[in-house]
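A.B. asks: This is the structure, below, for whatever I ask next.
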Amino acid sequence: MAANWKMNPPDRATALALAHAVATATADTDVDVVLCPPAVWLDAVAATVQDSPIRIGAQNLHASDSGAFTGELSAPMLLGVADYVIVGHSERRRLFGETDADVAAKVGAAVAHGIAPIVAVGESAEERRAGQTDQVISRQVRSALSGLELLAGSGLVVAYEPVWAIGTGDPASGADAQAGAALIRRLLAEHDAAAADATRVLYGGSVAPELASTCFAQPDIDGALVGGASLDAEAFAAIVRAAAR
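Count along the sequence shown from 1, add 229, and you get the number used in our numbering.
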């Protein structure tokens, strides 16, 4: 269960209080929880949850180890703080022009430094209406995997996040979420059949406590990448408990 806080909350004190509340509320579950706060609070959030099983993830990274890239963070900079990093979120693709090639390079950089990439893929509303869902997911997944010889040992996680469901309050149905996850699983098997079943596939897009059980009942969904609901410790904990059940 990964919590993508995006550019929230508004101040350090609130961020640390949220991290503490999540650690407390999820302490009695055996679900792996990853908090992905804004980069400026990575160290502080990590310190806040250091006595819990919670892991830390970054929201982005640059493909290069160093260089003249103002405002960017490299994989070596994240070492020792973040165990995971979100790569290819639709907001990065749509708002900041990231391409499939950019995503592939970032995946390679993360894996090379022992940071597990959480690769987000998914179709827009327009692509869905045009019947291009499978085509888009296939293109994005194959490109993201293109620099990896094997999945085993990479730590790779893939999140199916239909763009039309993100932040809209209109999540995919259980059947639609499963269809996307099952396609991703088949694509993983194409790349490395031995590791495909062990690779975690998440769902993301308006994940809420009342719908979580339907999502997690699907055979190819292993968890969720949660946005807005992760900013409410009790709501996020309820989603984690649904996953545990």
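All residues carry an ideal CB built from backbone N, CA and C; glycine is no exception.
Could you tell me the distance, in whole angstroms, from the CA atom of residue 439 to the CA atom of residue 298?
C.D. replies: 42 Å
A.B. asks: Taking C-beta to C-beta, are residue 467 and residue 452 nearer than 7 Å?
C.D. replies: no
A.B. asks: Does the ligand SAH have a heavy atom nearer than 6 Å to the CB of residue 340?
C.D. replies: With respect to small molecules bound, the structure shown includes none, and the ligand SAH cannot be examined in it.
A.B. asks: Once you ignore the five residues that flank residue 237 on each side, which residues in its own chain have a CB closer than 6 Å to its CB?
C.D. replies: If you ignore the 5 residues before and after residue 237, its C-beta comes within less than 6 Å of the C-beta of 460, all in its own chain and listed in chain order.
A.B. asks: Start and end of the alpha helix (DSSP H) containing residue 555?
C.D. replies: This structure cannot speak to residue 555, because the chain is shown only from 230 to 474.
A.B. asks: Compute the Euclidean distance between the alpha carbons of residue 264 and residue 382, then round it to the nearest angstrom.
C.D. replies: 22 Å
A.B. asks: So the beta strand (DSSP E) residue 468 belongs to, where does it begin and stop?
C.D. replies: Where residue 468 is concerned, there is no enclosing beta strand (DSSP E), although the alpha helix (DSSP H) it sits in stretches over 462-473.
A.B. asks: Name the DSSP beta bridge partners of residue 303, please?
C.D. replies: 291
A.B. asks: Span of the beta strand (DSSP E) holding residue 346?
C.D. replies: 345-350
A.B. asks: Is the beta carbon of residue 232 less than 7 Å from the beta carbon of residue 462?
C.D. replies: no
A.B. asks: Contact between the region 307-316 and the region 244-258: three or more CB pairs below 8 Å?
C.D. replies: no
A.B. asks: How should residue 391 be labelled, buried or exposed, when 16 other C-beta atoms within 10 angstroms of its C-beta is the threshold for buried?
C.D. replies: buried
A.B. asks: Let's test the definition: count the other Cβ atoms within 10 Å of the Cβ of residue 322 and tell me whether it reaches 16, buried, or not, exposed.
C.D. replies: buried
A.B. asks: Quick check: the Cα distance between residue 441 and residue 330, rounded to an integer number of angstroms?
C.D. replies: 32 Å
A.B. asks: Short of 6 Å in beta carbon distance, which residues of its chain neighbour residue 421, apart from the five on each side in sequence? Order them along the chain.
C.D. replies: 379, 380
A.B. asks: Excluding the five sequence neighbours on either side, which residues of its own chain have a C-beta within less than 7 Å of the C-beta of residue 370, listed in chain order?
C.D. replies: The residues are 350, 387, 413, 416.
A.B. asks: Would residue 325 be called buried (16 or more neighbouring beta carbons within 10 Å of its own) or exposed?
C.D. replies: exposed
A.B. asks: Taking the Cβ atom as the reference point for each residue, do residue 271 and residue 332 lie within a distance shorter than 7 Å?
C.D. replies: no
A.B. asks: Using only alpha-carbon positions, find the residue among 287, 230, 327, 296 that is nearest to residue 259.
C.D. replies: The closest CA to that of residue 259, considering only 287, 230, 327, 296, is found on 230.
A.B. asks: Under 8 Å Cβ to Cβ from residue 261, same chain only, skipping five residues before and after it: list those, please.
C.D. replies: 230, 282, 284, 452
A.B. asks: Give the range of the beta strand (DSSP E) segment to which residue 315 is assigned.
C.D. replies: 313-316
A.B. asks: Report all residues from its chain with a CB closer than 8 Å to the CB of residue 368; omit the five preceding and five following residues, and keep chain order.
C.D. replies: The residues 329, in chain order, have a CB closer than 8 Å to that of residue 368 in the same chain once the five nearest residues on each side in sequence are set aside.
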